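Trainee:
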Amino acid sequence: MVTFELYPAVDILGGQAVRLVQGDFEQKTVYGAPEAAAEAFIARGARWLHVVDLDGARSGRPVNVGPIAAIVRRAAARGVRVQVGGGLRTLEDIRRVLALGVARVIVGTAAIETPDVLATAVREAGEAVAVGVDLRENRVAVRGWAETKDAAAEDVLRRIAAAGVRTVIVTDIRRDGTLAGVDADRMASLARASGLQVIASGGVRSLDDIRRLSARLRDGVVGAVIGKALYAGTLDLAAALQAAAEADPAVGEEAGEEEDGR
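-11 is the number of the first residue of the sequence shown in my numbering; add one for each residue after it.
(1) Quick one: is arginine 111 buried, meaning 16 or more other Cβ sit within 10 Å of its Cβ, or exposed?
(2) Quick one: Cα of valine 119 to Cα of threonine 97, how far?
(3) So for glutamate 14, helix, strand or coil by DSSP?
(4) Could you work out which residue in Val53, Arg131, Val90 is closest to arginine 77 when comparing CA atoms only?
(5) How far does the alpha helix (DSSP H) with serine 47 in it extend, from its first residue to its last?
(6) Given tyrosine 19, which residues of its chain have a CB within under 8 Å of its CB, disregarding the five upstream and five downstream residues?
(7) Entirely within the stretch 109 to 145 and at least 3 residues each: give me those beta strand (DSSP E) ranges in chain order.
(8) Whole alpha helix (DSSP H) runs in the stretch 188 to 247 with 4 or more residues, listed along the chain?
(9) According to DSSP, proline 103 sits in a beta bridge with which residue or residues?
(10) Following the continuous alpha helix (DSSP H) through isoleucine 56, name the residue where it begins and the one where it ends.
(11) Which partner residues of tyrosine -5 appear in the DSSP bridge assignment?
(12) So, is arginine 61 buried or exposed, given that buried needs 16 or more other C-beta atoms within 10 angstroms?
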């Protein structure tokens, strides 16, 4: 059965938990130790954590492995799963992060620029490999959002699905870190066009956003990453988790059965 999940975000830059605005490293707010942020989310009922190594995304190699490993250990002790992205561009680094005990790795740039790496990772780790697709005006951004490819989102997602990937995290860059609200219809459209399970990221600010996204569970929108809304206090995690839990599980089960029958 497919259920709608929430992914509180812990973005790590220079060993600190931070939030950026539209991926701009010059527009950052520091929130202290990433382990403390993760612990707070776990204490408030999180079932998943979304951890991004921003230094890794810029450099192309994992940098904040120590804090990530600490978060994974603490989460595992509480039965909480962790997905990790940022700088995972080689099989060696993908394997290294999986070995930390994460439930899912998020491959971004490599999925676009070196599809053989993605294909091998999927063969080795199956559904533990997801892809991060970061969109700027319907074009895919890579290398820490520093470059934009001349490739439409729908085409990229179809290629990713053909590689055997099941889950993608789709980030709307222009909404990320802005509390501007979500484009649930767009996320649902991408899920339908690709047949992928989409975790929406960027702009979540309120319970209404959670409800709008979870209402698209039938289309394949299976979760939401929440960042600034939690840090800024515009959204309470416990209330958000309750709203997500109210998504009709029968709809999610039907969506899963339809995909399995493709």
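Cβ atoms here follow ideal geometry from the backbone N, Cα and C, with glycine treated the same way.
Keep in mind it's a predicted model, so treat the numbers as computed, not measured.
Mentor: Result, derived from the coordinates:
(1) exposed
(2) 9 Å
(3) strand
(4) Arg131
(5) 42 to 47
(6) Around tyrosine 19: Gln4, Ala5, Val6, Arg7, Ala25, Tyr219.
(7) With a minimum length of 3 residues, the continuous beta strand (DSSP E) runs that stay inside the stretch 109 to 145 are 117 to 124, 127 to 130, 135 to 140.
(8) 195 to 202, 216 to 220, 225 to 233
(9) Its beta-bridge partners do not exist; DSSP assigns none.
(10) 53 to 65
(11) In the DSSP output, where bridge partners are listed per residue, tyrosine -5 has Val213.
(12) exposed
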